[in-house]
Amino acid sequence: MRAPRSLAIPYVVWVLIFTVVPLALVIGFAFTGSDGKITLENIFAMSDYMAVLFRSILFAIIATVICLIIAFPAGYIISRANRINQSTLVVLLMVPMWINFLLRTYAWMTLLEQNGVINRLLGLIGLGPYQLINNSGAVILGMVYNYLPFMILPLYSVMVKIDQSVIEAAQDLGSNKIRLVRKILLPLSMPGISTGVIAVFVPSVSTFIISRMLGGGTNDLIGDIIEMQFSGNSYNPHLGSAMALVLMIIVLFMMSLFNQFGTEEDVAL
Amino acid sequence: MRRLLAFVMALVMALCLTSCGGAPEEDEISLESLGLDPELFSDYDYSKFKGQEITLNVANWGEYMSINDDECLDVNEIFEALTGIEVNYKTFASNETLYSKLLSGGATYDIIIPSDYMISKMIEENMLEKLDFDNIPNLKNVMPSFLNPQYDPNNEYSVPYLWGMVCIIYNTTMIDDEIDSWGALWDEKYAGNILMFNNPRDAFGIAQAYLGYSLNTQNKAELDRCASILKDQKEIVQGYVMDEIFDKLEGGSATIGPYYVGDAVTMCDDNPDLTYIIPKEGTNWFVDAMCIPTTAESKEAAEMYINFLCEAEIALANSDYVGYSTPNSAAYELLDDDVKADEKRYPSDEFLAEHTEVFVNLSPDTNEYMQSLWNQLKIDNSNTWFVPVFLVCLIAATVAVNVRRAVKKKRDNY
Chain E
170 MRAPRSLAIP
180 YVVWVLIFTV
190 VPLALVIGFA
200 FTGSDGKITL
210 ENIFAMSDYM
220 AVLFRSILFA
230 IIATVICLII
240 AFPAGYIISR
250 ANRINQSTLV
260 VLLMVPMWIN
270 FLLRTYAWMT
280 LLEQNGVINR
290 LLGLIGLGPY
300 QLINNSGAVI
310 LGMVYNYLPF
320 MILPLYSVMV
330 KIDQSVIEAA
340 QDLGSNKIRL
350 VRKILLPLSM
360 PGISTGVIAV
370 FVPSVSTFII
380 SRMLGGGTND
390 LIGDIIEMQF
400 SGNSYNPHLG
410 SAMALVLMII
420 VLFMMSLFNQ
430 FGTEEDVAL
Chain H
298 MRRLLAFVMA
308 LVMALCLTSC
318 GGAPEEDEIS
328 LESLGLDPEL
338 FSDYDYSKFK
348 GQEITLNVAN
358 WGEYMSINDD
368 ECLDVNEIFE
378 ALTGIEVNYK
388 TFASNETLYS
398 KLLSGGATYD
408 IIIPSDYMIS
418 KMIEENMLEK
428 LDFDNIPNLK
438 NVMPSFLNPQ
448 YDPNNEYSVP
458 YLWGMVCIIY
468 NTTMIDDEID
478 SWGALWDEKY
488 AGNILMFNNP
498 RDAFGIAQAY
508 LGYSLNTQNK
518 AELDRCASIL
528 KDQKEIVQGY
538 VMDEIFDKLE
548 GGSATIGPYY
558 VGDAVTMCDD
568 NPDLTYIIPK
578 EGTNWFVDAM
588 CIPTTAESKE
598 AAEMYINFLC
608 EAEIALANSD
618 YVGYSTPNSA
628 AYELLDDDVK
638 ADEKRYPSDE
648 FLAEHTEVFV
658 NLSPDTNEYM
668 QSLWNQLKID
678 NSNTWFVPVF
688 LVCLIAATVA
698 VNVRRAVKKK
708 RDNY
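Order-wise, the sequence lines are chains E and H.
According to the numbering used here, the stretch in the first sequence is residues 170 to 438, in order.
According to the numbering used here, the stretch in the second sequence is residues 298 to 711, in order.
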């Protein structure tokens, strides 16, 4: 039975009000100056911020790759566990997400500080103290920690549907472990991977609070710079919108590129 | 059955509570019952708006009023009991966020408490309502030296709330030297242990004071010079922070950093190893004052609230709780003698005149210039090679995808 089209109305209204209109506003602000005239000045001014923009993208890519490397085996293990263990493991995965995001990041601050828990423990065995916080490593760690569940969950939900007999068949036919992953698991979990990559990459690239708290303000990302256009010394929504727009276009471009890789794999097998 | 019983009980109790609660509302609430001394309280008619169900939206800095602490007076609760007006209390993190919230119309406030330079900016941009001082007789409590300030020359728009200076806080167990200058924040000895303000106005203010410039300089060459020493400083700074400084200094993760005197008092209370000084080069003297934005909905009630905050005991409670200095002479009289004698919290007028400067609003041009210098400092363009490499990678990836697709198409055609 086809659902009546009218059921889509609430969603369409939602998208109109909260996606289309704000997007139009961003574009409108990006191409106007403070005097209200149309100008490209804001877009040109972006050239000063390209380095930080690409640094944000690089950080987000690194975080996404690390998440993928951790999440792939994790998702597989959870999906192969028996039913009761499966739900326990999934709940364990979700529990940290019920705690406020800021609180969790604050907890990392106490762990990583020069006088923090980790350095004190290391001090007991005569090591350190190491500079663990206020560097780019800490920022990436924060991204991985906060967004890892977004990678594991889609991977798990795809992998749980892979029939055990498929894996057994591959093994019966003499495929070794590497081949099994490359030829069976990877292609079959591709939809989960692409969802997970988007779910990790997009929030990572635009985050500003993680870099402020764990980067100590010395590793600002594009999100911080955008935020500063609204809450900094000079209120400049035009430049802020231009930055957000450029970021969005680059991310969109990268996502479409990635998705092409994904579909190619699908077709190839 | 038991459930029903419990329900009936609850109903009876609720009814009883509402009727009990309703009765004395008509009567005057005694000041004693609220923990206040009637002798110190003005005879202002606070019951004027009773029963009108007015709500006041108040926007203040975080942790900047004596509320939600069992050991202190709850200022807002007292006001609600006294006036029957409901207080909807919100906080903001910086003058600039408050400004952009007001400007974008995202929030309507009846009372805001921004700082000096932001007040002059808001006055210039017609964002503030002129106050009717007939409704704020307690203005007489405000010290004369705080009337007609630079940021509000005719004293038409604001009533000072709390004030303070910017100081250096450091850990005496980790730093043996006697510190007396902003230069300490540039001292290589403390590399990796220095904290710095994470907002351009305060950070530039320190560089300006250190270099002996005016804190309100609009001279671009001077600002460039400040940016360059801030850039040098970045090499040895552990982090740029705002309220995170509490944890980092109290916990000993950093040894030295600049912040506001009132907060320094709190930090030194929590960790006696810490101490604070006012650098000899001079510093910023700031005043936070109560104003009513033009978008306010109940101006008269808002003026009543301002008057209430100027009551001696209320101003004292706020100053006590926050640690900042009060401009209220009636509250000052009630302070402990050792606090009154503390030159860092209540310096003499001469000291303020000679060693401190108040921020005034800068021209939009200067603000923008300072912001862009700050952006450059924060994003650090040292690895410029990165952009071209990245672009090349992106293009390579695009080409790879397309070539692959073309090859496959060819193969499929066979």
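Ideal Cβ positions, reconstructed from N, Cα and C, are used throughout, including at glycine.
Nothing here was measured: the structure is a model prediction, and the numbers come from that model.
| Query | Result |
| --- | --- |
| Contact under 8 Å by Cβ, E/Asn-304 with E/Asn-251 | no |
| Unbroken alpha helix (DSSP H) run spanning E/Leu-194, endpoints | 190 to 199 |
| CB contact flag (H/Tyr-341, H/Pro-434, <8 Å) | yes |
| H/Val-636 in three-state terms, based on DSSP | helix |
| Proximal chain H residues relative to E/Leu-185, where beta-carbon distance stays under 7 Å | Within chain H, no residue comes near E/Leu-185; the closest Cβ sits about 20 Å away, beyond 7 Å. |
| Exposure label - H/Met-419; buried when at least 16 CB within 10 Å | buried |
| Cβ distance (whole Å) where H/Leu-353 is taken to contact H/Tyr-602 below 8 Å | 6 Å |
| Completely contained alpha helix (DSSP H) runs for the region 360 to 410 of chain H, where each covers 4 or more residues | 372 to 380, 392 to 401 |
| Opposing strand residues paired with H/Pro-441 [DSSP bridges] | Answer by DSSP bridge pairing: none, since H/Pro-441 is not bridged. |
| Secondary structure of H/Pro-446, DSSP reduced to three states | coil |
| Exposure label - H/Ser-412; buried when at least 16 CB within 10 Å | buried |
| Three-state secondary structure assigned by DSSP to H/Asp-499 | helix |
| Any alpha helix (DSSP H) of 4 or more consecutive residues that is wholly inside the region 343 to 380 of chain E | 346 to 349, 359 to 375 |
| Neighbour-count burial assignment, H/Tyr-343, 16 or more Cβ in a 10 Å radius | buried |
| Buried versus exposed, by CB contacts within 10 Å (16 or more), H/Glu-475 | exposed |
| Inter-residue CB distance, E/Leu-354 and E/Cys-236 (contact presumed, cutoff 8 Å) | 17 Å between Cβ atoms; not a contact. |
| Euclidean distance between Cα positions of H/Leu-432 and H/Tyr-361 | Residue identity check: residue 432 of chain H is Asn in the sequence provided, not Leu. Their backbone Cα atoms lie some 24 Å apart in a straight line. |
| Unbroken alpha helix (DSSP H) run spanning E/Cys-236, endpoints | 219 to 249 |
| E/Ser-363 at chain H interface by Cβ criterion, 8 Å | no |
| 7 Å CB neighbourhood of H/Asp-570 in its chain, flanking five on each side removed | Asn-468, Thr-469, Thr-470 |
| Residue span of the alpha helix (DSSP H) that contains H/Leu-459, given as start and end | Per DSSP, H/Leu-459 belongs to no alpha helix (DSSP H); it is in the beta strand (DSSP E), 456 to 468. |
| Proximity test, Cβ basis, 8 Å: H/Ser-525 and chain E | no |
| Coil, strand or helix - E/Ile-253 by DSSP | helix |
| Option in H/Glu-336, H/Ala-504, H/His-652, H/Thr-695 with minimal Cα separation from E/Asn-428 | H/Thr-695 |
| Residues of the region 319 to 333 of chain E whose Cβ lies closer than 8 Å to any Cβ of chain H, in chain order | none |
| DSSP bridge partner residues for H/Val-534 (one or two, in chain order) | H/Ile-491 |
| Residues of the region 280 to 292 of chain E whose Cβ lies closer than 8 Å to any Cβ of chain H, in chain order | Glu-282, Gln-283, Asn-284, Gly-285 |
| N- and C-terminal bounds of the alpha helix (DSSP H) containing H/Trp-671 | 661 to 676 |
| Below-8 Å beta-carbon distance, H/Ser-550 vs any chain E residue | yes |
| Any chain H beta carbon closer than 8 Å to E/Phe-198 | no |
| For E/Gly-205, the three-state DSSP class (helix, strand or coil) | coil |
| E/Val-335 - containing alpha helix (DSSP H), residue span | 333 to 341 |
| is_contact[H/Asn-432, chain E] using C-beta, thresh 8 Å | no |
| Residue nearest to E/Pro-298 in terms of C-alpha spacing, selected from E/Leu-383, E/Ile-287, E/Gly-306 | E/Ile-287 |
| Best match in E/Ala-199, E/Ser-203, E/Leu-262, E/Leu-194 for proximity to E/Asn-315 [C-alpha to C-alpha] | E/Leu-262 |
| H/Cys-523 (DSSP reduced to helix, strand or coil) | helix |
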